[in-house]
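There are 2 protein chains.
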Amino acid sequence: MRACQEEVTVWLLEPGNGEETLGTIDRAATISEVAALAGVSPGTASKALNGRGALRPETRRRVQEAAEQLGFVANAAARSLQAGRTYTVGMITTDSIGRFSIPLLIGAEDALGAGQVSVFLCDARDDPIREQYYLRTLLGRQVDGIIVTGRRTQARPPIGVGLPVPVVYAFISSTDPDDCSVVPDEQDGARRAVEHLLAIGRRRIAHVTGPEHHHSATVRADAALRTLSAAGLEPAANVLFGEWSEAWGRQAAGILLSTGAEVDAVFCGSDQIARGLAEALQEAGRVVPRDVALVGFDNWDVMVDGSRPALTSIDMDLEGIGRTAAELLLAAINGNPEHGRRALPGRLIPRASTAVNPF
Amino acid sequence: MRACQEEVTVWLLEPGNGEETLGTIDRAATISEVAALAGVSPGTASKALNGRGALRPETRRRVQEAAEQLGFVANAAARSLQAGRTYTVGMITTDSIGRFSIPLLIGAEDALGAGQVSVFLCDARDDPIREQYYLRTLLGRQVDGIIVTGRRTQARPPIGVGLPVPVVYAFISSTDPDDCSVVPDEQDGARRAVEHLLAIGRRRIAHVTGPEHHHSATVRADAALRTLSAAGLEPAANVLFGEWSEAWGRQAAGILLSTGAEVDAVFCGSDQIARGLAEALQEAGRVVPRDVALVGFDNWDVMVDGSRPALTSIDMDLEGIGRTAAELLLAAINGNPEHGRRALPGRLIPRASTAVNPF
DNA sequence: AGCGTCAGGGCAATCGTTTTCCTTCCGTTG
DNA sequence: CAACGGAAGGAAAACGATTGCCCTGACGCT
Numbered sequence: 001m002r003a004c005q006e007e008v009t010v011w012l013l014e015p016g017n018g019e020e021t022l023g024t025i026d027r028a029a030t031i032s033e034v035a036a037l038a039g040v041s042p043g044t045a046s047k048a049l050n051g052r053g054a055l056r057p058e059t060r061r062r063v064q065e066a067a068e069q070l071g072f073v074a075n076a077a078a079r080s081l082q083a084g085r086t087y088t089v090g091m092i093t094t095d096s097i098g099r100f101s102i103p104l105l106i107g108a109e110d111a112l113g114a115g116q117v118s119v120f121l122c123d124a125r126d127d128p129i130r131e132q133y134y135l136r137t138l139l140g141r142q143v144d145g146i147i148v149t150g151r152r153t154q155a156r157p158p159i160g161v162g163l164p165v166p167v168v169y170a171f172i173s174s175t176d177p178d179d180c181s182v183v184p185d186e187q188d189g190a191r192r193a194v195e196h197l198l199a200i201g202r203r204r205i206a207h208v209t210g211p212e213h214h215h216s217a218t219v220r221a222d223a224a225l226r227t228l229s230a231a232g233l234e235p236a237a238n239v240l241f242g243e244w245s246e247a248w249g250r251q252a253a254g255i256l257l258s259t260g261a262e263v264d265a266v267f268c269g270s271d272q273i274a275r276g277l278a279e280a281l282q283e284a285g286r287v288v289p290r291d292v293a294l295v296g297f298d299n300w301d302v303m304v305d306g307s308r309p310a311l312t313s314i315d316m317d318l319e320g321i322g323r324t325a326a327e328l329l330l331a332a333i334n335g336n337p338e339h340g341r342r343a344l345p346g347r348l349i350p351r352a353s354t355a356v357n358p359f
Numbered sequence: 001m002r003a004c005q006e007e008v009t010v011w012l013l014e015p016g017n018g019e020e021t022l023g024t025i026d027r028a029a030t031i032s033e034v035a036a037l038a039g040v041s042p043g044t045a046s047k048a049l050n051g052r053g054a055l056r057p058e059t060r061r062r063v064q065e066a067a068e069q070l071g072f073v074a075n076a077a078a079r080s081l082q083a084g085r086t087y088t089v090g091m092i093t094t095d096s097i098g099r100f101s102i103p104l105l106i107g108a109e110d111a112l113g114a115g116q117v118s119v120f121l122c123d124a125r126d127d128p129i130r131e132q133y134y135l136r137t138l139l140g141r142q143v144d145g146i147i148v149t150g151r152r153t154q155a156r157p158p159i160g161v162g163l164p165v166p167v168v169y170a171f172i173s174s175t176d177p178d179d180c181s182v183v184p185d186e187q188d189g190a191r192r193a194v195e196h197l198l199a200i201g202r203r204r205i206a207h208v209t210g211p212e213h214h215h216s217a218t219v220r221a222d223a224a225l226r227t228l229s230a231a232g233l234e235p236a237a238n239v240l241f242g243e244w245s246e247a248w249g250r251q252a253a254g255i256l257l258s259t260g261a262e263v264d265a266v267f268c269g270s271d272q273i274a275r276g277l278a279e280a281l282q283e284a285g286r287v288v289p290r291d292v293a294l295v296g297f298d299n300w301d302v303m304v305d306g307s308r309p310a311l312t313s314i315d316m317d318l319e320g321i322g323r324t325a326a327e328l329l330l331a332a333i334n335g336n337p338e339h340g341r342r343a344l345p346g347r348l349i350p351r352a353s354t355a356v357n358p359f
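So the protein lines, in turn, are chains F and C.
Counting from 1, one number per residue, gives the positions in the first sequence under the UniProt record's numbering.
Counting from 1, one number per residue, gives the positions in the second sequence under the UniProt record's numbering.
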C-alpha cells in the first residue's frame with residue numbers, strides 16, 4: 001500500500017524511475033506465485049492478504065511484501081466464483097445517457113466506488129428489447145444489484161419481477177410501490193420556487209413549463225398553483241404548457257406580453273424555458289428582475305450562467321439522488337432492503353434573476 | 001412463478017405468452033442442473049449450448065430446451081475464470097464525465113455492446129490517485145482492455161506501461177507514439193470552418209477562442225490562420241484567446257467592435273463563445289449573418305439551437321471516435337493491435353449563422 | 001513425564017464452466 | 001469375422017481464490 005502511493009507519485013512527478021509502477025504487472029501474478037515467493041502455501045497467503053486466520057505478524061508481512069513485489073491483484077473472477085458475490089452492480093439508463101443521467105451516474109459511482117464496487121453501464125435507449133437484453137447480460141454477470149435510471153421522473157413498470165438481485169430506481173420510479181425508488185421532490189421544488197418569488201414581494205406570478213403530458217410539468221404546475229393559492233393568490237395567467245426549449249420560452253414571453261397580463265414574476269419549468277423568456281422579455285423592454293423576476297428549474301450550469309441575468313433555479317440534487325440510490329442498493333445487497341418511494345428535497349439557488357437589489 | 005412471468009410479459013411485449021421471460025430467473029440455475037434436466041453430463045450440456053463438440057442434433061435441442069426452461073444464464077465469473085477472458089472492458093474518464101465524455105461513451109458502449117462486451121465505467125475526476133486506483137481495480141477484474149478518455153484533446157502520459165491488456169485512448173491521446181489513440185482532427189475542423197466562411201464570400205475573418213494554454217485552442221487557431229494565409233488572407237484581427245464561455249464571447253465582441261476592425265465573419269473556438277458573440281453583436285446592431293457570419297465548434301445542440309440565429313458549427317463526431325476506439329480495442333484484444341494516433345475528420349453543420357441568404 | 005491447549009499453517013474441497021482426453025458403441029471394410 | 005474408424009457423450013482436470021478442517025509443534029500445567 002505504501003509502495004502503491006509511491007508508485008503513483010513516481011509516475012506522476014518523475015518519469016524515468018519506472019521501477020515499481022503498475023507497469024511491472026505484465027501478466028497477472030496468481031496467489032500461488034505470491035505464496036511461493038513468500039515460502040508459504042496459497043491458502044496461507046490468502047489469509048495473510050485478507051487479514052484472516054491466525055498468522056504470525058512476520059509471516060503476514062512477508063506475504064504482503066511478496067504480493068507487492070509481484071504486483072499481485074486478486075483475480076476477481078475467481079474470487080466472485082467462490083464468494084457468490086461479484087462486487088459489481090449494473091446501471092441501466094432506460095432512456096439514453098444524457099444531461100440528467102450523468103449526475104446520477106456520478107453520484108452512484110461515487111458511493112459504489114467507495115465500497116469497492118464497480119459499475120457496469122448499460123444504455124437502453126428507450127428500447128425495451130435493449131433493456132431486457134442488458135438485464136439478461138447483467139444477471140449473467142451475476143451483478144449484486146441493479147440501478148435503473150431514466151431521464152423522466154414518471155413512474156415506469158418494474159424492469160423485471162422476482163429478480164434474483166435487488167433493484168433500486170433512481171430519478172424515475174417504479175409503479176410497483178414495493179420497489180425501492182429514489183426521486184427528486186419536484187413538488188417541494190416548485191413550492192420553494194414560488195415561495196421565493198413571494199418572499200421577494202412578487203404577487204403576479206405566472207408559470208411556463210413543458211408539455212402537459214409530461215409528468216414533471218404537471219406535478220410542478222400543480223404544486224406551484226397550490227403554493228400560490230395557499231398564499232391566497234391566483235396565478236397571473238393560465239399555466240402555459242409547451243416544450244422544454246428556449247424557443248418555447250421566447251414564444252411564451254410573447255404570449256404573456258400580448259395578453260396584457262401584469263406579470264411581475266415567472267416560475268419556469270426548466271432553465272431553458274427561463275432563458276428564452278429572459279431574452280424575449282428584455283428585447284421587449286422589460287427588465288429582469290426589476291420588472292419581472294425569473295426562477296428556472298434544473299440548475300443547469302450552462303443555462304443559468306449563460307443567461308443574463310444569471311438565473312435563480314431549483315437544483316434537484318441529482319448527484320445526491322444517485323448517491324442515495326447506490327447506498328440503498330448496497331444496503332439491500334447486504335440484506336437490508338428498503339421499499340417504496342423516497343423523495344429527496346432540492347434546493348433553490350438564488351441568482352441575479354430574482355435579486356431584490358439588482359445592482 | 002407463473003404469475004411473475006406473465007407480469008413481465010404483459011408489460012413487455014405480448015400479454016399472454018409468458019413462457020420464456022426473465023421472470024423465471026429467480027435463483028441462477030447452473031449448467032449441472034440443466035444437464036440433469038436434459039439427462040446428459042455438464043460437459044455435454046456446455047458443448048450443446050456453445051455449439052461445440054459432436055452432438056446429435058436432438059441432444060442439442062434437448063439441452064437448449066432445458067436451459068430455457070430453467071432460465072439458464074452462464075455464470076460469467078466461472079466462464080471468465082476458465083477462459084482467461086472476461087468480455088469486459090474498462091473505461092476510464094480521466095477528467096470527469098461530462099459533455100464530451102458522453103458521446104464517446106455512447107459510441108464505445110455501442111460498439112462493445114454489439115460484441116457482447118460490457119463496460120466498467122470509472123470516473124477519475126482529474127485525480128491521479130483515483131486514476132491509478134481504478135486502473136488497479138480494472139486489472140484485478142481482469143478486463144480484456146481499457147479505453148481512456150478525457151475532456152481535453154491534449155496528449156497525456158500513458159496511464160501505465162507494460163500493462164497486461166491493450167489500452168486505447170479516445171479523444172485524448174497518449175504521449176507515447178506507440179500507444180493507440182483516436183482523436184478528432186481539430187485542424188481539419190478549423191480548416192473546414194474557415195473554408196466555409198471563405199466559400200460564402202467572407203474575407204475579413206477573425207478568430208475568437210479559448211485559453212491560449214489550451215491545446216485545442218492553439219491547434220485550431222493555427223489551422224485557421226494557415227487556412228487563411230493559404231487563401232492569401234490575413235486574419236481580420238489578432239486571435240483573441242480567452243475562455244470557453246459565453247461571457248468571453250460577449251466580451252470578445254466588444255473588443256472586436258471597439259478596435260474598429262472591419263470583420264465580416266468570426267470563427268469561434270466553441271459554440272458557447274459563438275453564442276455569446278452572436279448576442280453581443282446583435283445588441284450592438286450588427287446583423288448575423290448579414291454583417292457578420294459566425295461558425296462555432298462542437299455542434300453542441302443546446303448552444304447551436306438555442307442561439308439566434310442557429311449556429312453553423314463543426315461536429316467532431318465524438319460518437320464516431322468512441323466507436324472507433326472501441327473497435328480498435330476489440331481488434332487489439334483479438335491480437336491485432338494498432339499503434340499511433342488516428343485523427344478522425346469532423347464535419348461542418350451549416351445553419352443560419354452562415355446562411356448566404358438569411359431569409 | 002504426560003496430557004491438554006493453542007498458535008501457526010498446510011491440505012483439499014469448493015465455486016461453475018470449459019475442454020481435453022477417454023470410452024463406448026456402431027457401422028464399414030478387408 | 002476381425003479390425004478399424006468415427007460419432008456421441010462421459011469423466012475429470014483445469015482456472016484462481018477462499019475457507020474449514022486437520023496436523024504439527026511448542027508450551028504450560030499437573
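All C-beta atoms in this analysis are idealised placements derived from N, C-alpha and C, irrespective of residue type, glycine included.
Since the model is a prediction, treat every value here as computed from it, not as a measurement.
Under 8 Å from the C-beta of residue i: neighbouring residues of chain C
{"i": "GLN142 (chain F)", "result": "ALA28, ASN75, ALA76, ALA77"}
{"i": "SER181 (chain F)", "result": "Here the premise fails: no neighbours, minimum Cβ distance about 16 Å."}
Integer-rounded CB distance, given that residue j should sit under 8 Å from residue i
{"i": "ARG341 (chain C)", "j": "SER181 (chain C)", "result": "5 Å"}
{"i": "ILE106 (chain F)", "j": "ASP271 (chain C)", "result": "Wrong, their Cβ atoms sit about 23 Å apart, outside the cutoff."}
{"i": "GLY140 (chain F)", "j": "PRO166 (chain F)", "result": "Going by Cβ atoms, the distance from GLY140 (chain F) to PRO166 (chain F) rounds to 17 Å, so no, they are not a contact pair."}
{"i": "VAL288 (chain F)", "j": "PRO309 (chain F)", "result": "6 Å"}
{"i": "ALA265 (chain C)", "j": "ARG202 (chain C)", "result": "4 Å"}
Cross-chain neighbours of residue i in chain C, by beta carbon under 9 Å
{"i": "ASP123 (chain F)", "result": "LEU105, ILE106, GLU109, ASP110, GLY113"}
{"i": "GLY51 (chain F)", "result": "Within chain C, no residue comes near GLY51 (chain F); the closest Cβ sits about 17 Å away, beyond 9 Å."}
Interface partners of residue i on chain F, CB under 7 Å
{"i": "VAL167 (chain C)", "result": "In chain order: nothing, as chain F lies at least about 12 Å away."}
{"i": "ILE97 (chain C)", "result": "ILE102, LEU105, ILE106"}
Reference residue i, options the options, closest by Cα
{"i": "ARG204 (chain F)", "options": "F:PRO184, F:VAL148, F:PRO235", "result": "F:PRO235"}
{"i": "ALA343 (chain F)", "options": "F:GLY98, F:SER174, F:ALA252, F:GLY53", "result": "F:SER174"}
{"i": "ALA284 (chain F)", "options": "F:SER307, F:ALA253, F:ILE314, F:ALA170", "result": "F:ALA253"}
{"i": "ARG192 (chain F)", "options": "F:LEU225, F:ASP110, F:GLY98", "result": "F:LEU225"}
{"i": "LEU233 (chain C)", "options": "C:GLU65, C:VAL194, C:ARG85", "result": "C:VAL194"}
{"i": "LEU257 (chain F)", "options": "F:VAL292, F:ALA223, F:ALA231", "result": "F:VAL292"}
{"i": "GLY322 (chain C)", "options": "C:VAL168, C:PRO350, C:THR88", "result": "C:VAL168"}
{"i": "ILE172 (chain C)", "options": "C:ASP110, C:GLU58, C:THR94, C:ALA278", "result": "C:THR94"}
{"i": "PRO184 (chain C)", "options": "C:GLN142, C:VAL304, C:PRO103, C:GLN116", "result": "C:PRO103"}
In DSSP terms, what residue i is bridged to
{"i": "PRO184 (chain C)", "result": "C:LEU344"}
{"i": "TYR169 (chain C)", "result": "C:VAL148, C:SER181"}
{"i": "GLY210 (chain C)", "result": "In the DSSP output, where bridge partners are listed per residue, GLY210 (chain C) has none listed."}
{"i": "THR88 (chain C)", "result": "C:SER118"}
{"i": "residue 396 (chain C)", "result": "Only positions 1 to 359 of chain C appear in this structure, which leaves residue 396 (chain C) out of reach."}
{"i": "THR218 (chain C)", "result": "According to DSSP, THR218 (chain C) bridges with nothing at all."}
{"i": "ILE314 (chain C)", "result": "C:PHE297, C:LEU348"}
Cβ neighbours of residue i in the same chain (closer than 7 Å, five flanking residues each side left out)
{"i": "ALA35 (chain F)", "result": "SER41, PRO42, THR44, ALA45"}
{"i": "GLY23 (chain F)", "result": "In this predicted model, GLY23 (chain F) has a pLDDT of only 39, less than 50, meaning its place in the structure is not dependable; the value taken from the coordinates is given anyway. Taken in chain order, the list of residues that qualify is empty."}
{"i": "GLU327 (chain F)", "result": "ALA111"}
{"i": "GLY160 (chain C)", "result": "LEU135"}
Same chain only: Cβ atoms within 6 Å of residue i, ignoring 5 sequence neighbours per side
{"i": "PRO92 (chain F)", "result": "The sequence shown places Ile at residue 92 (chain F), not Pro. Correct list, in chain order: CYS122, ALA124, TYR134, VAL148."}
{"i": "THR324 (chain F)", "result": "VAL182"}
{"i": "ASP176 (chain C)", "result": "PRO158"}
{"i": "ARG62 (chain C)", "result": "ALA38"}
{"i": "ASP315 (chain F)", "result": "ASN299, GLY346, ARG347, ILE349"}
Nonlocal neighbours in the same chain, by C-beta distance under 8 Å from residue i, ignoring five residues either side
{"i": "ILE25 (chain C)", "result": "Confidence at ILE25 (chain C) is low in this model, with a pLDDT of 41, below 50, so its placement is unreliable and the value that follows should be read with caution. Counting only Cβ-Cβ distances below 8 Å, and skipping sequence neighbours, we find GLY71, VAL73."}
{"i": "HIS339 (chain F)", "result": "PRO177, ASP178, ASP179, CYS180"}
The ligand PLP heavy atom lying under 8 Å from the CB of residue i
{"i": "VAL34 (chain F)", "result": "Here there are no bound small molecules, and the ligand PLP is not part of this structure."}
Contact list for residue i against chain F, beta-carbon separation under 9 Å
{"i": "PHE120 (chain C)", "result": "THR88, SER118, VAL119, PHE120, LEU121"}
{"i": "ARG137 (chain C)", "result": "The displayed chain sequence assigns Thr, not Arg, to residue 137 (chain C). Under the 9 Å cutoff, chain F gives VAL73, ALA76, GLY113, GLN116, SER118."}
{"i": "GLY306 (chain C)", "result": "SER245, GLU246, ALA247, GLN272, ARG275, GLY276, MET303, GLY306"}
Closer than 8 Å at the beta carbon, the chain F residues around residue i
{"i": "LEU329 (chain C)", "result": "Near LEU329 (chain C) there are no residues of chain F at all, since even the closest Cβ is about 16 Å away, more than 8 Å."}
Chain-ordered chain C contacts of residue i [CB-CB under 7 Å]
{"i": "SER80 (chain F)", "result": "ALA77"}
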